[in-house]
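Asker: I have a structure I would like to understand better, so I am pasting it below and will then ask my questions one at a time.
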Amino acid sequence: MNALCRLTLLASFLFSGNLYAATYDIIMKNREFSQTEIMINRGDSIRFLNAEENTEHNLFSLSKVYPFEISQQLPGIDVTIPFRKGGSFEVECAIHPTMHLRVMVK
Ligand SMILES: [Cu+2]
Numbered sequence: 016m017n018a019l020c021r022l023t024l025l026a027s028f029l030f031s032g033n034l035y036a037a038t039y040d041i042i043m044k045n046r047e048f049s050q051t052e053i054m055i056n057r058g059d060s061i062r063f064l065n066a067e068e069n070t071e072h073n074l075f076s077l078s079k080v081y082p083f084e085i086s087q088q089l090p091g092i093d094v095t096i097p098f099r100k101g102g103s104f105e106v107e108c109a110i111h112p113t114m115h116l117r118v119m120v121k
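Number 121 marks the last residue of the sequence shown (the numbering used here); no jumps.
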């Protein structure tokens, strides 16, 4: 392992808190999530991509551990959210109440 590689790994660990942090894609298309649940590790991130032609979304979580609201997310826009604590919670869309994604962070 050369110095640059070691430095990159160290920076990755310090930045994410997880040496093997990953980013997972959740696609929104036809007013649905590409999957209904996902299990990730602490330090991982989820990239929410709006792949609709003309539909915007407004994702949020009411979780006490991970409260967030992305607000207006236009077609073609992606938003990445890191998850640094363990827990299980729902991501919903304020515009489309049938959209539900269960996120489990180990
Ligand atoms: Cu929506």
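Yeah, the Cβ is synthetic: ideal placement off N, Cα and C, and Gly gets one too. Fair warning: this is a prediction, and the values are worked out from it, not measured in the lab.
(1) For Leu64, count the other beta carbons within 10 Å of its own beta carbon; 16 or more makes it buried, fewer makes it exposed. Which is it?
(2) Could you check whether His72 and Gln50 sit closer than 7 Å to each other, using their CB atoms as the reference points?
(3) CB of Ile110 to nearest heavy atom of ligand 1: below 6 Å?
(4) Taking His118 as part of the beta strand (DSSP E), name the residues at either end of that continuous run.
(5) In three-state DSSP terms, what is His72?
Answerer: The relevant details are as follows:
(1) Counted from its first residue, the sequence shown places residue 64 at position 49. Looking at its Cβ environment, which holds 16 or more other Cβ atoms inside 10 Å, Leu64 is buried.
(2) Numbered from 1 along the sequence shown, position 35 holds the residue referred to as residue 50. Numbered from 1 along the sequence shown, position 57 holds the residue referred to as residue 72. Cβ atoms of Gln50 and His72: not closer than 7 Å.
(3) Along the sequence shown, one-based indexing puts residue 110 at 95. Distances taken from the Cβ of Ile110 to the heavy atoms of ligand 1 include one shorter than 6 Å.
(4) Along the sequence shown, one-based indexing puts residue 118 at 103. Correcting the residue identity first, residue 118 is Val in this sequence and not His. Residues 115-120.
(5) To locate residue 72, count along the sequence shown from 1; it is residue 57. Strand at His72.
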